[in-house]
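Student: This is the structure I have questions about; it appears just below.
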Amino acid sequence: MSTETLGGKLRELRESKHFPLRKIAAMLDIDVDILSKMERGERRLTKEAILKLAEIYQYNSDELLILFLCEKIMSDIQGEDLGEQALIVAKKRFKYLKDNKANDN
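If you count the sequence shown from 1, position 21 lands on 21 in this note's numbering, and the numbers rise without skipping.
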């Protein structure tokens, strides 16, 4: 199981391309400090920003979006005593809704 964070992955990708923070911040039209906070996990990214970064870094957008969704879910259930059980129920409900949507078509 991966414990990689979205921000950490984005920093790794940026550094592997030898892009300075200021260049990526300019491409996203955001402040350098905001991008730095995003990479450190102190500020959330938008889905649109993630898709743009995937394009800039020539990286699979699905992998970044999975990390994005994971962090979104975790921020809601972190610290909840019943968080793990809620995830189990949510997974079953997600599958049920997905299966029924497929059957409707």
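Glycine included, each C-beta is placed from N, C-alpha and C at the ideal position.
Under 8 Å, with one C-beta from each stretch per pair, do the segment 10-27 and the segment 35-47 reach the 3-pair mark?
Tutor: The segment 10-27, when compared against the segment 35-47, does touch it at the 8 Å Cβ threshold.
Student: Between which two residues does the alpha helix (DSSP H) harbouring residue 82 extend?
Tutor: Neither: residue 82 is in no alpha helix (DSSP H) and is coded neither H nor E.
Student: With a threshold of 6 Å on Cβ separation, who are the neighbours of residue 5 within its own chain once the five nearest residues in sequence on each side are excluded?
Tutor: Here the set comprises 41.
Student: What separation, rounded to the nearest whole angstrom, lies between the Cα atoms of residue 75 and residue 46?
Tutor: When rounded, the distance between both Cα atoms is 15 Å.
Student: Here's the rule: buried if 16 or more other CB atoms are within 10 angstroms of the residue's CB, otherwise exposed. What is residue 53?
Tutor: Classification of residue 53: buried, given that the 10 Å Cβ count is 16 or more.
Student: For a test of the three-state rule: what should DSSP assign to residue 35, helix, strand or coil?
Tutor: Helix.
Student: Using a threshold of 9 Å, state whether the C-beta atoms of residue 63 and residue 9 are closer than that.
Tutor: A contact, by the Cβ cut-off of 9 Å.
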